[in-house]
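A.B. asks: So the protein lines, in turn, are chains A and B.
Start counting the first sequence at 296; every next residue gets the next number (the numbering used here).
Start counting the second sequence at 45; every next residue gets the next number (the numbering used here).
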Amino acid sequence: MRLNGTQLKLASTVPLLAFLKEHGFNPARVAVEQNGIIVPRSSYTEIAVTDSDKLEVVSFVGGG
Amino acid sequence: MNQHINVKEKIRNARIAIFGLGGIGSNAAVMLTRMGVGYLRLIDFDVVEERNLTRQSYYPPQLGQPKTKALTEQLLTINPNLTIDAHHIRVTADNALPLTDGVDIICEAFDQPEAKAMLVNSLLTARPETKIVCASGLAGYASSNLIKTSRKMKNFYVCGDETSEISSEKDLFAPRVQICAGHQANMILRIILGIEEV
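Pasting the structure below:
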């Protein structure tokens, strides 16, 4: 799979929420696109990430 | 048609909403007003405080005023023909979408990362055709050149270095705040003129 342009190997399919936490993202501070489609926040627990996915995770930091 | 007139007309016809009127939002609003944008929707729940004056576009006599009111006054002084729709309100996932009604481009200028993500997610899910230009990573005084504009998705742009977060050790300073606001204002100008690339 590709995460933000970087190739990585996913041993097994995981829920998006678990994937995000595992890769150090705070789910409350991100927007996620899976294979070119925005993932609604309400689906983070049910959407699965597979090894063929292209995932873009945009993470926000504070200050404005 | 004369190209210069065409550009001015497109800018005058643009309708922009600014979410958050702190360092980013107030400075971006001033730039958009000076450019000649005809319609701005200003959204913020806060009032002007003394600690804001180091980087936000407000003045000591405006202390205690809602930022929407203080900024409206200032922008109308710059351009009396500007139409302003001000909302002194805290934005939540429940009221965010109606606040984007009838505008072409959103300037996201919240302070909290959770609020930024909430607005972006609401918009990309329900209004994928609306363009949003966000700020992320502008605290401190690292090199100006680290602040850039990226196109994250078709209608979703982020300006900033994406890492410099405000914290007890890292404050916000006027230069990087204004550089980032400038990036956003220029990206908004490019979008107004039909250029989608960063």
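By construction, the Cβ of each residue, glycine as well, lies at the ideal position given by its N, Cα and C atoms.
If you draw a straight line from the alpha carbon of G357/A to that of R234/B, how long is it in whole angstroms?
C.D. replies: One-based indexing of the first sequence puts residue 357/A at position 62. One-based indexing of the second sequence puts residue 234/B at position 190. Roughly 25 Å separates the two Cα atoms.
A.B. asks: Measure from the C-beta of D155/B to each C-beta in chain A and report whether the shortest distance is under 8 Å.
C.D. replies: The sequence position of residue 155/B within the second sequence is 111, counting from 1. For D155/B, the answer is yes, since a Cβ of chain A falls inside 8 Å of its Cβ.
A.B. asks: Can you check the segment 157-225 of chain B for any beta strand (DSSP E) of at least 3 residues that lies completely inside it and give the ranges in chain order?
C.D. replies: Entirely contained in the segment 157-225 of chain B, the beta strand (DSSP E) runs reaching 3 residues are, in chain order, 175-179, 192-197 and 200-204.
A.B. asks: Taking 7 Å as the cut-off, does the CB of E241/B come closer than this to any heavy atom belonging to the ligand SAM?
C.D. replies: The ligand content of the structure shown is nil, which means the ligand SAM is not present either.
A.B. asks: If distances are taken between C-alpha atoms only, which option among F63/B, A225/B, I223/B and V92/B comes closest to P142/B?
C.D. replies: Reading the second sequence from its first residue, position 98 is the one you call residue 142/B. The residue with the shortest Cα to Cα distance from P142/B is F63/B.
A.B. asks: What distance in whole Å lies between the Cβ atoms of V202/B and C224/B, which are believed to be in contact at a cut-off of 8 Å?
C.D. replies: Along the second sequence, one-based indexing puts residue 224/B at 180. Along the second sequence, one-based indexing puts residue 202/B at 158. Not really, about 10 Å apart at Cβ, beyond 8 Å.
A.B. asks: By Cβ distance, which residues of its chain are closer than 8 Å to F320/A, with the 5 residues on each side in sequence left out?
C.D. replies: The residue you call residue 320/A lines up with position 25 of the first sequence. V352 and S354, listed in sequence order.
A.B. asks: Compare the C-beta of P335/A against all C-beta atoms of chain B and say whether one is closer than 8 Å.
C.D. replies: As a position in the first sequence, residue 335/A is number 40, starting the count at 1. Yes, contact with chain B.
A.B. asks: On the DSSP letters alone, give me the boundaries of the beta strand (DSSP E) that A326/A sits inside.
C.D. replies: For the purposes of this step, residue 326/A is taken as residue 31 along the first sequence, with counting starting at 1. It spans V325 to Q329 - the beta strand (DSSP E) in which A326/A sits, taken as one unbroken run.
A.B. asks: Nearest-angstrom Cα distance between N123/B and R59/B?
C.D. replies: Looking up residue 123/B in the second sequence gives position 79. Looking up residue 59/B in the second sequence gives position 15. Going from the Cα of N123/B to the Cα of R59/B covers about 15 Å.
A.B. asks: How far does the alpha helix (DSSP H) with A130/B in it extend, from its first residue to its last?
C.D. replies: Here residue 130/B refers to the residue found at position 86 of the second sequence. From DSSP, A130/B is part of no alpha helix (DSSP H) but of the beta strand (DSSP E) over T127 to H132.
A.B. asks: Looking at the unbroken beta strand (DSSP E) that takes in R85/B, where does it start and where does it end?
C.D. replies: Here residue 85/B refers to the residue found at position 41 when the second sequence is read from its first residue. It spans Y83 to D88 - the beta strand (DSSP E) in which R85/B sits, taken as one unbroken run.
A.B. asks: Alpha carbon to alpha carbon, what distance is there between D348/A and K52/B?
C.D. replies: As a first step, residue 52/B must be located in the second sequence, where it is residue number 8. As a first step, residue 348/A must be located in the first sequence, where it is residue number 53. Computed Cα separation, rounded: 44 Å.
A.B. asks: Is DSSP giving A61/B helix, strand or coil here?
C.D. replies: Locating residue 61/B in the second sequence gives position 17, counting from the first residue. Three-state DSSP puts A61/B in a strand.
A.B. asks: What residue range is occupied by the uninterrupted alpha helix (DSSP H) comprising V356/A?
C.D. replies: In the first sequence, the residue the question calls residue 356/A occupies position 61. No alpha helix (DSSP H) contains V356/A, which DSSP labels as neither H nor E.
A.B. asks: To the nearest angstrom, how far is it from the Cα of A244/B to the Cα of P219/B?
C.D. replies: Because residue 244/B is not part of the residues shown, which for chain B are 45 to 242, the question remains open.
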